[in-house]
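S.K.:
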Ligand SMILES: Cc1cc2nc3c(=O)[nH]c(=O)nc-3n(C[C@H](O)[C@H](O)[C@H](O)COP(=O)(O)OP(=O)(O)OC[C@H]3O[C@@H](n4cnc5c(N)ncnc54)[C@H](O)[C@@H]3O)c2cc1C
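In UniProt numbering, the protein residues as written are 1 to 475.
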């Protein structure tokens, strides 16, 4: 949407049109300061704003942000057209995931249900991106232009101030602020830390994820009443686990099967081969050979799959350098076990967007206003430590799902299912499950204990204090 003839306060270049980059643009458009809009350019390497992927879960903190940006309406609308499914029956609170030990031939039982205060959205990634793309059309004083097929290679400081962007093919562009929302292999981050030794780079976790979609009707034919069609499940086993949840109004089941190569993370091994590649379905089936029938039934329904080498960014020293910032996977790519990487990218974007669009933020420092360099530093203080801490937390919870790091299940967890008379065994199994469940719940608690709104208020307070100091300095 074109603005009136107001002079923009500065030009923001966003490198990357994934969830983080698009959420930043939508926030900037929505929060536009009427008196001083911004000019936004999104540079995306791909020929269009669309990405590979399958299901994605969006938890309460991030849902609040989507409400705030006016996108939940859009996503709820998708519900009727079948792109969305909410677990439970849209109660305010409900089930997160149901856990089950499955790495044995004997049928097991569900041993723990993660209760969450608000149901997660379980949607197709393309539905989320579509909603964000539509959000770019919101009426605003600011303007947004999307440049596809524009792969950033690096940036340099511009002589006249700001940043010069260098693209594959030789094109260049100028911006006052550059934000790298360009994913785990970020070119912006690479430039930011180009002089660092050892280099700041993604680390393979030793985890490989098989992603697929399963048709519910196929599963129902094989295994009548299969619970994966109704609820979000985690099937756990030693060094591997499988996550499933229904999407598309229950017509499809999102499938993410994980296995861990023991010791690979600790030895800093490189991932062999392409990070994302198609794999034969036999590989997926082989991964869960010998597991209980409930899991085998799901793997039998996998028609095609991609394998993702899961990499994290666990050693990024900071997320801002002068007029350049990074967000999302570029800053804190994490394992997937909280289903939160995309949500965290959008949260970074929301806080950063509101800081940049704030009436007290200007290109250059002036009475009562902070300049963009100071504004980016406030973003860093508001987001860096929290988001980066989730990288390790996610790793810890993932190990629990795979009964690693000293949380091996009590042998009675499964045997008691098959010896109903053995009361003591049942009690031992249940006591173990209770302890395990409490630990997992505590690791998940950040998702609903800390509201994003509070984080924004804390960031705004820092901004206002900083702006106040510029005022005092001039008195
Ligand atoms: C198996 C799996 C399951 C997951 N499940 C969930 C889930 O349930 N919930 C959740 O919240 N998250 C989940 N995630 C994580 C989530 O997908 C990521 O955290 C999220 O996509 C990060 O968003 P981003 O915008 O930072 O980066 P990306 O999504 O990686 O987007 C980066 C964009 O930048 C573009 N780009 C890259 N390099 C350049 C360049 N040099 N120049 C210009 N453009 C460039 C890319 O083409 C892309 O469009 C999952 C991830 C995996 C692998």
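We put the CB at the ideal spot given by N, CA and C, even for glycine.
As the structure is a computational prediction, the values presented were derived from the model and not from experiment.
Are residue 144 and residue 152 closer than 8 Å when you measure CB to CB?
M.R.: Not in contact: residue 144 and residue 152 (Cβ atoms no closer than 8 Å).
S.K.: Under the three-state reduction of DSSP, which class applies to residue 316: helix, strand or coil?
M.R.: Coil, per DSSP.
S.K.: Looking at residue 56: is its Cβ nearer than 8 Å to the Cβ of residue 125?
M.R.: Cβ distance < 8 Å, so residue 56 and residue 125 count as in contact.
S.K.: Note down, in chain order, each residue of its chain lying with its Cβ closer than 8 Å to the Cβ of residue 463, except the 5 sequence neighbours on either side.
M.R.: Excluding sequence neighbours, residue 463 sits near 355, 358, 360, 361, 370, 375, 378.
S.K.: Across the stretch 252-270 and the stretch 324-334, are there enough close Cβ pairs to call them in contact, namely three or more that are closer than 8 Å?
M.R.: In short, these stretches do not touch, since the Cβ pair count stays below three.
S.K.: Could you check what DSSP says for residue 59 in three-state terms: helix, strand or coil?
M.R.: It is coil, neither helix nor strand.
S.K.: Apply the 10 Å Cβ neighbour rule to residue 273 and answer buried if 16 or more other Cβ atoms are within range, or exposed otherwise.
M.R.: With fewer than 16 other Cβ atoms within 10 Å, it is exposed.
S.K.: Give me, in chain order, the residues of the same chain whose beta-carbon lies closer than 7 Å to that of residue 458; leave out the 5 immediate sequence neighbours on both sides.
M.R.: Correct list, in chain order: 382.
S.K.: Using only the alpha-carbon positions, how far apart do residue 456 and residue 428 sit?
M.R.: Taking the straight line from one Cα to the other gives about 45 Å.
S.K.: For the beta strand (DSSP E) that residue 131 lies in, which residues bound it at each end?
M.R.: Note, residue 131: premise wrong, no beta strand (DSSP E); alpha helix (DSSP H) at 125-135.
S.K.: From the DSSP output, which residues share a beta bridge with residue 371?
M.R.: For residue 371, which the question treats as bridged, DSSP gives the partners 362.
S.K.: Quick one, are the C-beta atoms of residue 64 and residue 452 less than 8 Å apart?
M.R.: Contact flag set, yes.
S.K.: Can you give me the start and stop residues for the alpha helix (DSSP H) that residue 350 sits inside?
M.R.: Taken as a continuous stretch (DSSP letters only), the alpha helix (DSSP H) holding residue 350 covers 341-357.
S.K.: Just to confirm, does residue 139 get its C-beta within under 7 Å of one of the non-hydrogen atoms of ligand 1?
M.R.: Answer for residue 139: no, Cβ out of range of ligand 1.
S.K.: Hey, how far is the Cα of residue 395 from the Cα of residue 162?
M.R.: Using only the alpha carbons, I get a separation of about 37 Å.
S.K.: Should residue 142 and residue 42 be called a contact, given that it needs their Cβ atoms to be closer than 8 Å?
M.R.: No, Cβ-Cβ distance for residue 142 and residue 42 is not below 8 Å.
S.K.: Would you mind listing the alpha helix (DSSP H) stretches within the stretch 141-221 that are 4+ residues and don't spill past its ends, in chain order?
M.R.: Segments of the alpha helix (DSSP H) lying fully in the stretch 141-221: 187-192.
S.K.: Under three-state DSSP, which class holds residue 13?
M.R.: Strand, per DSSP.
S.K.: Between residue 14 and ligand 1, is the CB less than 7 Å from at least one heavy atom?
M.R.: No, since every heavy atom of ligand 1 falls outside the 7 Å radius drawn around the Cβ of residue 14.
S.K.: Is residue 406 near ligand 1, with its Cβ less than 7 Å from a heavy atom?
M.R.: Residue 406: no, Cβ never under 7 Å from ligand 1.
S.K.: Count the other CB atoms, across all protein chains shown, that sit within 10 Å of the CB of residue 214; report buried if there are 16 or more and exposed otherwise.
M.R.: Result: buried.
S.K.: For residue 477, count neighbouring Cβ atoms within 10 angstroms of its own Cβ and tell me buried if that reaches 16, exposed if not.
M.R.: This structure cannot settle anything about residue 477, because the visible part of the chain is limited to 1 through 475.
S.K.: Using the beta-carbon count (16 or more within 10 Å), is residue 436 buried or exposed?
M.R.: With 16 or more Cβ atoms within 10 Å of its Cβ, residue 436 is classed as buried.
S.K.: In its own chain, which residues sit with a C-beta less than 8 Å from the C-beta of residue 444, not counting the 5 before and 5 after it?
M.R.: Excluding positions up to five away in sequence, the list reads 96, 114, 116, 338, 397.
S.K.: So does the stretch 333-351 actually touch the stretch 246-254, counting three or more Cβ pairs closer than 8 Å?
M.R.: In short, these stretches do not touch, since the Cβ pair count stays below three.
S.K.: By DSSP, does residue 102 sit in helix, in strand, or in coil?
M.R.: Coil.
S.K.: By a C-beta neighbour count over all protein chains shown, 10 Å radius and 16 as the cutoff for buried, is residue 333 buried or exposed?
M.R.: Residue 333 should be labelled buried.
S.K.: Need the endpoints of the alpha helix (DSSP H) that residue 27 sits in, please.
M.R.: Residue 27 -> alpha helix (DSSP H) spans 19-30.
S.K.: Tell me whether residue 442 is buried or exposed, calling it buried when 16 or more other Cβ atoms sit within 10 Å of its Cβ.
M.R.: Label assigned to residue 442: exposed.
S.K.: Just to confirm the assignment, what range does the alpha helix (DSSP H) spanning residue 298 have?
M.R.: That run of the alpha helix (DSSP H) goes 293-300.
S.K.: Can you tell which of 257, 288, 423, 384 has its C-alpha closest to the C-alpha of residue 54?
M.R.: Comparing Cα-Cα distances from residue 54 to each of 257, 288, 423, 384, the minimum goes to 257.
S.K.: Any idea if residue 405 is buried or exposed, counting beta-carbon neighbours within 10 angstroms, 16 or more meaning buried?
M.R.: Classification of residue 405: exposed, given that the 10 Å Cβ count is below 16.
S.K.: Assuming contact is defined by CB atoms lying nearer than 8 Å, are residue 155 and residue 166 in contact in what I supplied?
M.R.: Yes, Cβ-Cβ distance for residue 155 and residue 166 is below 8 Å.
S.K.: What's the C-alpha gap between residue 31 and residue 407?
M.R.: For residue 31 and residue 407, the distance between alpha carbons rounds to 46 Å.
S.K.: What residue range does the beta strand (DSSP E) around residue 110 cover?
M.R.: Start and end: 110-116.
S.K.: Please look up how many angstroms separate the CB atoms of residue 433 and residue 294, rounded, as I've assumed it's under 8 Å.
M.R.: Contact doesn't hold; Cβ gap of about 18 Å is too wide.
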